[in-house]
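Reading through the structure tokens given below for one structure.
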Amino acid sequence: MRCVIISGSPETNPNFLKQAVKPDDYVICADRGYEFAKLAGIEPDLIVGDFDSYKEKISENCEIVKLNPHKDDTDTIHAIDLAFKQGFTEFLLLGALGGRIDHTFANISALYYIADRGGKGILLSENERVEFLERGEYCFDGYCGKTFSLFPFGCESVCVSYQGAEYPLDRYRIKSSVPLGISNVFISEKSEIKIYDGNAILIINLKEEYI
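So that you can map any letter, position 203 of the sequence shown is 203 in my numbering, and since no number is skipped, the others follow by simple counting.
Spelled out as structure tokens, the structure:
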């Protein structure tokens, strides 16, 4: 099973949530994420938060974990921790992109947090897909024509190769101080990214196509 965490970005589209959440997903709402889940007709399995951004009535049909507003971690991180304790290692984070840039950055950092604990996470909106990549080989099917950007994350540089990209790379080292990884393009239905050392954040633009 997959754990879906719905956060509270003001740019969340309830119609997109309906498409992204599957019937067998375990759904956790982080604070205001519950508002968007209700609009999408999604009944969560668990609601987590200090409820500083959602103050309406909460469903009595699921478990609720109320957090102290004076805490060190975000509601989303608490949701991730609770999911790990239940044995989940696959995460889809929705409603986590857009709005305040510090919140978005914190949610991108949460992908590293998940990977550091042996899990795999994806941030997804109707416009973007964001992944944390560590050493390994990654295949991307069905993204031909989509732009993507790759940046070192949590390290000074990342050594990468691209196959099936408009601007191919062969064991090239991208430095965190130079945004050379911006706006590449998948030109094949089956493309590949290899990470030889370092970590990276990959951002795929789902709406924009290269013309």
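Every residue, glycine too, gets a C-beta built ideally from N, C-alpha and C.
Continuous alpha helix (DSSP H) stretch holding residue i: start and end
i	result
T74	T74 -> no alpha helix (DSSP H), and no H or E assigned at all.
K223	Outside the modelled stretch of the chain, which goes from 1 to 211, sits residue 223, for which no answer is possible.
L111	I101 to D116
L150	Counting along the chain, L150 falls outside any alpha helix (DSSP H), though it belongs to the beta strand (DSSP E) covering K146 to P152.
E97	Correcting the residue type first, residue 97 is Leu in the shown sequence and not Glu. It is not in any alpha helix (DSSP H) - L97 carries neither H nor E in the DSSP assignment.
E35	G33 to L39
Alpha carbon of residue i to alpha carbon of residue j, nearest angstrom
i	j	result
C139	S191	6 Å
P179	V158	12 Å
I6	L94	5 Å
N61	K22	19 Å
S125	A110	16 Å
P168	F51	46 Å
V213	K66	Nothing in the structure corresponds to residue 213, since the chain is present only between 1 and 211.
R135	Y196	5 Å
K146	F84	32 Å
Contact set for residue i: own chain, Cβ-Cβ below 6 Å, skip 5 residues either direction
i	result
L39	P14
F16	E126
N90	Note that residue 90 is Glu in the sequence shown here, rather than Asn. Cβ neighbours of E90 beyond the five flanking positions: R2 and K120.
D73	none
Span of the beta strand (DSSP E), counted from its first residue to its last, around residue i
i	result
Y172	L169 to K175
S222	In the structure displayed, the chain extends from 1 to 211; residue 222 sits before or after that span and is not available.
F140	G136 to D141
Residues near residue i by beta carbon distance below 7 Å, same chain, minus five either side
i	result
Y143	F186, S191 and I204
D75	A30, D31, V48, G49, D50 and L67
Buried or exposed by the 16-neighbour rule on C-beta atoms within 10 Å, applied to residue i
i	result
R171	exposed
F36	buried
D141	exposed
I108	buried
Short Cβ contact (9 Å threshold) for residue i with residue j
i	j	result
E193	L150	In the sequence as displayed, the identity of residue 193 is Ile instead of Glu. Contact: yes.
L133	N184	no
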